[in-house]
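Enquirer:
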Amino acid sequence: MDAKIIGNLIKKLREQKGLSQYKLAEALFVDRTAVTKWENGKTIPSVDMLLMISNYFNISIDELVYGSLKNNENDEKIKKYPAELLHEKHKLRKKLAIVILFLIIISLLFFFYYFLTTYNSIKIYKVSLKSDSIELADSYFIKAREKAYLNINFVNNDLNIDKIKIYYLDKNKEKIIINSNYNNNFTIVDYYGYSEYFDFKRITYILNNMYLKVSEDKKDYVLKINFKQEYSNSKLFLFKNKKSTDEIELDVTTSHFDYQNNMFEKICENNNCAMDVKYNQISYNLFYDKDTREVVLYNLKDGVMYEYNIEYETFNVSNKTSNYSYRVSDKKCLQNNCDSYEIDYELFWNIINNSIKNY
Numbered sequence: 015m016d017a018k019i020i021g022n023l024i025k026k027l028r029e030q031k032g033l034s035q036y037k038l039a040e041a042l043f044v045d046r047t048a049v050t051k052w053e054n055g056k057t058i059p060s061v062d063m064l065l066m067i068s069n070y071f072n073i074s075i076d077e078l079v080y081g082s083l084k085n086n087e088n089d090e091k092i093k094k095y096p097a098e099l100l101h102e103k104h105k106l107r108k109k110l111a112i113v114i115l116f117l118i119i120i121s122l123l124f125f126f127y128y129f130l131t132t133y134n135s136i137k138i139y140k141v142s143l144k145s146d147s148i149e150l151a152d153s154y155f156i157k158a159r160e161k162a163y164l165n166i167n168f169v170n171n172d173l174n175i176d177k178i179k180i181y182y183l184d185k186n187k188e189k190i191i192i193n194s195n196y197n198n199n200f201t202i203v204d205y206y207g208y209s210e211y212f213d214f215k216r217i218t219y220i221l222n223n224m225y226l227k228v229s230e231d232k233k234d235y236v237l238k239i240n241f242k243q244e245y246s247n248s249k250l251f252l253f254k255n256k257k258s259t260d261e262i263e264l265d266v267t268t269s270h271f272d273y274q275n276n277m278f279e280k281i282c283e284n285n286n287c288a289m290d291v292k293y294n295q296i297s298y299n300l301f302y303d304k305d306t307r308e309v310v311l312y313n314l315k316d317g318v319m320y321e322y323n324i325e326y327e328t329f330n331v332s333n334k335t336s337n338y339s340y341r342v343s344d345k346k347c348l349q350n351n352c353d354s355y356e357i358d359y360e361l362f363w364n365i366i367n368n369s370i371k372n373y
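Just so you know, we're using this note's numbering here: the sequence shown kicks off at 15 and counts up by one.
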C-alpha cells in the first residue's frame, strides 16, 4: 500500500463532499491530526479505519487501497490489486515469523547459557596465603546457587596467634566473615538470602578483596587471601572418553597411596579432575587436587563436605554445625568428635566406587 496514493484519494473524496478535515474526523470518530497525516501520506489508516472510510464515501475498499476509483481502464487492475497486496502481506508475515523465531532461539540460548554459567553453576576454589609464617592446607571455597562453603585449615603456624579475623573490603569498610579466638580450622556454610556472610551477587568481587588479620602479642598481621578456581560445572560442552572397567579398578578403599593416586589421575585425564555424580538420588561434586592429593566430595543438598588426603590419610567432614578430622592410618581422631567416622567414611567410598563404575 502506498500511503501518499491513499492519502490523495481520501483528500479528493473529502473535498468532493465539501468537508473540512475536522468534519471528516468527527464523522470517523478520530482526531483531526489523524486525517491530516493520512492526507499528507505520513500514515496509513488501520484496516478497520479503511473499512469505515470506504463505507462513509460509498466506495469499495479495493478502490481505497488502490488509490483510485474504478473506471473502464483500471477495473482489472483494482480487482487484482488485493491479491497482490495479500501476497505482499504474506511475504511480510513470513519474514516477521522468521525474525520472531530467530529471537526466540537467541532467547532460549541465552537462558540456557545463564542457567548453566550463573543460575545453576557450581565453582570450587582453592584457598591459599602468601606468607612464610602462616600456611593453609586443604582449604576450599565452594559456591553453589544457594549455598556458599568456606573451609580454612591452618598448618605450619610459627606465630603465637591470639585472635583471627577474616573480612573483605567494601568501599574501604570491613565486612567481617570471621572474628574469633584462634582455631586451626574454621568452617562457614552460608545460605542465599538468610544471614548472608557473602553477597551471592558479588562473589567475584568479594573473593578478590578478602583478607586475613591475625593478632599476636598485640601485633597485627594482614594477609591477602588468594582464591584459585579449580573446578566449574559451567561448561557448554563436556567431552568424556568412556573407559572400560579393566582400565580403572573399582575397589578404591585401600589406603595404598600410589593405587589411589593413579586412580584419580586417570579421572583427571578427561574431566579436569572433577565430576558431577549422583548417589541415592543426591547430587555431589567430586574434585581431586593433584598438587595436594586431596579428594573433595561435596553434598549439594545438605552442604556436607568430605575431604580425604591420600598422602596423609586424613579424613575430614564438615557441615553447617560441626566438623571433625580423623587419621585413617592409625585410627586416631585429630579434632572434635569423630563418632560418625565409620558411617561417613563408608558412605564416602561408596560414592567414590559408584562414580568410578559409571565413569
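Note that beta-carbon positions come from the ideal geometry of N, C-alpha and C, so glycine has one too.
Would you grab the beta carbon distance between residue 192 and residue 175 for me? Rounded to a whole angstrom, and I think it's under 8 Å.
Expert: With a Cβ gap of about 13 Å, residue 192 and residue 175 do not count as contacting.
Enquirer: Between 245, 162, 168, which has its C-alpha nearest residue 215's C-alpha?
Expert: It is 162 whose Cα lies nearest to the Cα of residue 215.
Enquirer: So what does DSSP say about residue 196, is it helix, strand or coil?
Expert: Three-state result, residue 196: coil.
Enquirer: Note down, in chain order, each residue of its chain lying with its Cβ closer than 8 Å to the Cβ of residue 32, except the 5 sequence neighbours on either side.
Expert: For residue 32, where only same-chain residues beyond five positions count, there are no Cβ hits under 8 Å.
Enquirer: What residue range does the alpha helix (DSSP H) around residue 162 cover?
Expert: It is not in any alpha helix (DSSP H) - residue 162 instead sits in the beta strand (DSSP E) that spans 161-169.
Enquirer: So the alpha helix (DSSP H) residue 68 belongs to, where does it begin and stop?
Expert: Unbroken alpha helix (DSSP H) run through residue 68: 61-71.
Enquirer: If residue 297 sits next to residue 290, beta carbons under 8 Å apart, how far is it from one beta carbon to the other, in whole angstroms?
Expert: With a Cβ gap of about 7 Å, residue 297 and residue 290 count as contacting.
Enquirer: Per DSSP, residue 328 is paired with what?
Expert: DSSP, once it has assigned bridges, lists 323, 341 as partnering residue 328.
Enquirer: Give every residue of the same chain whose Cβ lies closer than 7 Å to the Cβ of residue 78, excluding the five residues on either side of it in the sequence, and list them in chain order.
Expert: Result list for residue 78: 20, 23, 64, 67, 68, in chain order.
Enquirer: Let me confirm a value: residue 346 is counted as buried when at least 16 other C-beta atoms fall within 10 Å, else exposed. Which label applies?
Expert: Burial call: exposed.
Enquirer: Could you check the C-alpha separation between residue 336 and residue 147 for me, to the nearest Å?
Expert: Roughly 28 Å between the two C-alpha positions.
Enquirer: Evaluate residue 157 with the Cβ neighbour count: other Cβ atoms within 10 Å of its Cβ, from every protein chain shown; 16 or more gives buried, anything less gives exposed.
Expert: Looking at its Cβ environment, which holds 16 or more other Cβ atoms inside 10 Å, residue 157 is buried.
Enquirer: Determine the extent of the beta strand (DSSP E) in which residue 228 is found, giving its start and end residues.
Expert: Element bounds for residue 228: 224-230.
Enquirer: Are the Cβ atoms of residue 318 and residue 310 separated by less than 8 Å?
Expert: No; because the gap between Cβ atoms is not below 8 Å, this pair is not in contact.
Enquirer: Between residue 169 and residue 155, how many whole angstroms is the CB-CB distance? I'm expecting something under 8 Å.
Expert: No, residue 169 and residue 155 are not in contact; Cβ-Cβ is about 18 Å, not under 8 Å.
Enquirer: Do we get a CB-CB distance below 8 Å when we pair residue 60 with the residues of chain B?
Expert: You won't find chain B in this structure, because it holds only one protein chain.
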